[in-house]
Amino acid sequence: METANQTASESQDAGQTLAPLCTARCCGLLNRTLAVMFMVSLAFAIVVGNVVTLIVFMQTRHSRTPQGYLKVSLAFADMMVGVLVVPFSVYTEISLMVTDTPPLWYQGISTASLEGGSRPWQPCMLIGPVFAGCTFVSISTIFLMTVERSVAILRPLHKDTLVTRHRTLFLILLSWTGSFLLAMAPLMLSNSFTLEYNECSRMCNYAPLLIGHQLPPDANILLLFPAFDFSLLGGTLAVNILSFTSIRRYSRKRKLLSEGSLGTDAGAGGCPYRPSFSDIKAAKTIGILTFAFTASFSPIAVFVLGT
79 METANQTASE
89 SQDAGQTLAP
99 LCTARCCGLL
109 NRTLAVMFMV
119 SLAFAIVVGN
129 VVTLIVFMQT
139 RHSRTPQGYL
149 KVSLAFADMM
159 VGVLVVPFSV
169 YTEISLMVTD
179 TPPLWYQGIS
189 TASLEGGSRP
199 WQPCMLIGPV
209 FAGCTFVSIS
219 TIFLMTVERS
229 VAILRPLHKD
239 TLVTRHRTLF
249 LILLSWTGSF
259 LLAMAPLMLS
269 NSFTLEYNEC
279 SRMCNYAPLL
289 IGHQLPPDAN
299 ILLLFPAFDF
309 SLLGGTLAVN
319 ILSFTSIRRY
329 SRKRKLLSEG
339 SLGTDAGAGG
349 CPYRPSFSDI
359 KAAKTIGILT
369 FAFTASFSPI
379 AVFVLGT
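In the working numbering, the protein residues as written are 79 to 385.
In structure tokens form, the structure reads like this:
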């Protein structure tokens, strides 16, 4: 740890400042041990859960629907995090516990290595974009799943015409391509950023190369990330609210019909095409997933945006 702090000081003298390093309370031996145990459990749960999802998709023919393909896309994105990103964080944390020399990709070390103007390859150059890209894929896939269920709720007769397998596969390909291009944007559009392992977040994050005590002029590129996240999450919440409003209206009409308050003709005229029970149940499930994801993701996104 002293080596990392010394390197950070040398980097500041060279004209590149760094964010304050983590406190001993956050990065002590006990804290690192608990973090490693949690990350190992998390990686195991991610891999096992998504492998089960993929097996069910491969062995069940009726699951090969547009919604099924979206679930597989989400499972692949999550599994890449469980196979690559989390194990790399576990490896780095164990390395920091057993050795006094931080790795090349550690916070401060990677920035100091850029003093000569070169950008040597290190694992965070792969792990960082993979984590960011998979996060964007997950958010965009949840948005697509919400839109697909919304079409089934609002336009049940046109569902099979509007939501086809070919269109779904095209949107999945577009989601993966756009997400990883966005994840690589700071490296492709600027030379003012590097990727390093942050000891507080325990992930590979983008870090701007500070000149003196000032951010580079193109540091606003990093605002693309929260802008994308909040835009899609906001759109997802709006679509869910629209779907739930429609479900509530259908449920109210069905209740009135069951109580005999509406005649058959009135019920048919007010609600001629009702979504199936499975569509309503799936929409509710995706809505709950969206609200839970937003509740857990928003504090992190706000913190990153503020930073």
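The beta carbon of each residue, even a glycine, is placed where N, CA and C say it ideally should be.
Proximity of residue i and residue j at Cβ, strictly below 8 Å
i	j	result
Trp409	Glu274	Outside the displayed span of the chain (79 to 385) sits residue 409, for which this structure offers no information.
Ala121	Pro180	no
Phe209	Val168	no
Asp156	Ile133	no
Leu287	Phe271	yes
Leu240	Arg233	yes
Ile205	Val114	no
Thr224	Pro144	no
Ser52	Ile299	Residue coverage of the chain in this structure runs from 79 to 385, which leaves residue 52 outside it and unanswerable.
Residue burial classification, residue i (beta-carbon count within 10 angstroms, cutoff 16)
i	result
Pro264	buried
Ala305	exposed
Trp199	exposed
Met107	Contrary to the premise, residue 107 reads as Leu rather than Met in this sequence. Per the 10 Å Cβ criterion, exposed.
Ile366	exposed
Pro295	exposed
Arg327	exposed
Phe248	exposed
Ile325	buried
Ser257	buried
Gln137	exposed
Val317	buried
Thr363	exposed
Thr314	buried
Thr131	buried
Thr323	exposed
Alpha-carbon to alpha-carbon, residue j and residue i
i	j	result
Ala261	Arg110	28 Å
Val129	Gln292	46 Å
Ile220	Leu152	8 Å
Ala297	Leu235	48 Å
Thr213	Gly127	17 Å
Ser329	Phe154	35 Å
Thr170	Asn283	14 Å
Gly290	Ala230	56 Å
Arg332	His244	35 Å
Ser321	Leu162	36 Å
Asp343	Gly312	At Asp343 the pLDDT is 47, less than 50, meaning the model places this residue with poor confidence; the figure from the coordinates comes in the next sentence. Cα to Cα, the separation comes out at about 38 Å.
Arg142	Met175	46 Å
Lys237	Glu226	8 Å
Ser119	Thr177	24 Å
Leu310	Met117	27 Å
Gly345	Ile319	Caution is warranted here: a pLDDT of 46 is assigned to Gly345, below 50, making its placement in the model unreliable, and the coordinate value is therefore given only provisionally. If you take the alpha carbons of Gly345 and Ile319, they lie about 24 Å apart.
Asp307	Arg139	33 Å
Thr246	Leu301	29 Å
Range of the contiguous alpha helix (DSSP H) that encloses residue i
i	result
Asn269	Premise fails: Asn269 is in no alpha helix (DSSP H) and is neither H nor E.
Tyr184	Tyr184 -> no alpha helix (DSSP H), and no H or E assigned at all.
Gln292	From DSSP, Gln292 is part of no alpha helix (DSSP H); its letter is neither H nor E.
Asn128	Leu107 to Gln137
Arg227	Cys202 to Leu232
Val150	Pro144 to Met158
Limits of the beta strand (DSSP E) - the one that residue i falls within
i	result
Pro286	Met281 to Pro286
I want to know whether the region 140-155 touches the region 167-184 - three or more CB-CB distances under 8 Å. They do not touch, by the three-pair rule.
Does the region 209-218 come into contact with the region 246-258, if we say contact requires no fewer than three beta-carbon pairs (one atom in each stretch) closer than 8 Å? In short, these stretches touch, since the Cβ pair count reaches three.
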